[in-house]
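Heads up, the sequence shown is in our numbering, so the first residue is 267 and it goes up one at a time.
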Amino acid sequence: MLPVISDPESLTPLVGATADTDADIDILADRHRRAVLRYLATRDPADPVPLADLADFVVLETDADDQRSGVLAMTGDALFGTRKRVHSSLRHNHVPRLAEAGLVAFDPDANTVALREDGEAVAEELERVDAERDVAEDEATIA
267 MLPVISDPES LTPLVGATAD TDADIDILAD RHRRAVLRYL ATRDPADPVP
317 LADLADFVVL ETDADDQRSG VLAMTGDALF GTRKRVHSSL RHNHVPRLAE
367 AGLVAFDPDA NTVALREDGE AVAEELERVD AERDVAEDEA TIA
């Protein structure tokens, strides 16, 4: 169905849908937020995850592939500094954005995070996209 330009109400759903799509893409644009959703999808939503545990996972998930951190971030003070930086960015940036989008439940007093129903659906979609990317990479390697 094409919108009727002379009828302003016919344009409203398209504008709203675009804004929602942009917001959804923005939420998933950051690898830390994608890692949060992936990790929480493996946990029981009824059992909130401490933010410190989540930060440990995100460090291993995202910084292991980061060429800038390399071996230094895997030992001693560098690892502690990386964990502290990631914990802070999760606490003050990424988790609140995911909570605002309705994907996670965040308790700032208890410092815990749990996946919500909408977050489960997004995590399943991320898993599907990851699987398709892996297949495409395998096919490119074979070719």
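Quick reminder that beta carbons are idealized off the backbone N, C-alpha and C, glycines included.
By how many angstroms is the C-alpha of residue j removed from the C-alpha of residue i?
i	j	result
A295	T378	23 Å
D319	F372	14 Å
D404	D375	45 Å
V302	L364	9 Å
E383	F346	33 Å
K350	T328	14 Å
Taking DSSP as the reference, what is the three-state secondary structure of residue i?
i	result
T407	helix
P362	helix
L369	coil
A387	helix
E398	helix
Starting from the Cα of residue i, find the closest Cα among the options and give me that residue.
i	options	result
E386	L369, A402, E405	L369
P314	V401, A365, I408, L381	L381
R309	H298, F323, R297	F323
Leaving out five residues before and five after residue i in sequence, what residues of the same chain have Cβ atoms less than 8 Å from its Cβ?
i	result
R300	L294, L392
L317	H353, L356, R357, V361, N377, T378, V379
L306	V315, L320, V370, V379, A380, L381, G385, A389
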